[in-house]
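For what it's worth, UniProt numbering labels the leading residue of the first sequence as 1, then goes sequentially.
Each residue gets a CB set at the ideal place from its N, CA and C atoms; glycine is no exception.
Below is one structure; the comments refer to it alone.
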Amino acid sequence: MEWTDEAIARLRDLWSQGLSTAEIGRQLSITKNAVVGKAHRLGLPSRPSPIRSRKAKEGETVEPTPRRKPAPRKTAKEVKAAADQTSVVSKKPSSGAEKPKEALAAASVEEKKKEVEATSHIVKKVVEAAPQTVKAKVVEKAVEAPAKVVPLTPPKPAQTSRPLPPPRFLGSIDRSTRRGPACCWPIGDPGTPGFHFCGATPLSGKPYCAEHAAIAYVKIRDRRD
DNA sequence: CCCTGATTCGC
DNA sequence: GCGAATCAGG
């Protein structure tokens, strides 16, 4: 990474805006390690760290989180040697070709963009992640940018007088292998035998899977007649 | 497991 | 100086 004046300025700016190191990294197309490393070197103010957040009790000398052993780190040579060996000996059968990091990063960025376009959830997410001091700022920024979104109510189950049967999730079929949350998009008519909820793995932070989230969250301008 | 930021240390 | 590897907390 060539730390040009501009790159450094950008880093400083984003850093001061309270964006996460990973987010800054994405915007600069570098890793969060590079970001935090450079920030550290630049003497930028530390962010509230998850780990060191040990209460600085008054008088109590908080041990700087006694980090453990320096951890033996592989040398580049060792890494290369290992790589050579594995590539010759036991090439992974079908793990698929690993995407280059750039591709991954790009994909990640694309994903993010889509998300921002489609929903405002990301805004909330970002805001939540941001330190208090910058929340307002972030909101202000974000509000004008992404399209407004309205969560449409999913098909309203016709309410019956008798209690509904216990909802069945398709996901419960393989509950043994996947215990996570389940998409709660209703399928079929409540009260009828076939009624169940989707049960697929929901998008992070949403009650619906990708397929149904796409239906549930519709851009306002797409609803206009 | 995902995320986060901080630190270490081979390069 | 750089940043991947690693750590550790949520």
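Checklist entry - Are the beta-carbon atoms of Trp15 and Ile24 separated by less than 8 Å? => result yes
Next on the checklist: On a Cα-Cα basis, can you pick out the residue from Arg41, Leu42, Val36 that is closest to Pro48?
Outcome noted: Val36
Item to check | Reduced DSSP secondary structure (H/G/I, E/B, other) of Gly30 | outcome: Correcting the residue type first, residue 30 is Ile in the shown sequence and not Gly. In the structure shown, Ile30 sits in coil (DSSP, three-state: anything other than H, G, I, E or B).
Checklist entry - Considering only the beta carbon of each residue, do Lys38 and Leu11 sit closer than 8 Å? => result yes
Checklist entry - Exposed or buried, what is Glu111 when buried is set at 16 or more other beta-carbons lying within 10 Å of its beta-carbon? => result Below a pLDDT of 50, predicted positions are generally treated as unreliable, and Glu111, at 44, falls in that range; no measurement from the model is reported.
Checklist entry - Where does the unbroken alpha helix (DSSP H) through Glu6 begin, and where does it stop? => result 5-16
Item to check | Distance between Leu44 and Glu2 (C-alpha atoms, nearest Å) | outcome: 18 Å
Checklist entry - Mind checking whether Pro199 and Cys183 have CB atoms under 8 Å apart? => result Note that residue 199 corresponds to Gly in the displayed sequence, not to Pro. For Gly199 and Cys183, yes; Cβs fall inside 8 Å.
Checklist entry - In chain order, what residues of the same chain have a beta carbon less than 6 Å from the beta carbon of Pro207, not counting five sequence neighbours either side? => result Cys184
Checklist entry - Looking only at DSSP bridge pairs, what is His196 linked to? => result Ile187
Next on the checklist: Rounded to the nearest angstrom, what separates Pro181 and Gln17 at their Cα positions?
Outcome noted: 33 Å
Checklist entry - Taking all protein chains shown into account, do 16 or more other C-beta atoms lie within 10 angstroms of the C-beta of Thr4, making it buried, or fewer, making it exposed? => result exposed
Checklist entry - Does the Cβ of Leu42 have 16 or more other Cβ atoms within 10 Å, making it buried, or fewer, making it exposed? => result exposed
Checklist entry - For Thr21, which residues of its own chain have a beta-carbon under 7 Å away from its beta-carbon, when the five flanking residues on both sides are left out? => result Lys32, Val35, Val36
Item to check | Closest Cα partner of Ser46 within the set Leu19, Ser29, Leu28 | outcome: Leu19
Checklist entry - DSSP state of Pro207, grouped into three classes? => result coil
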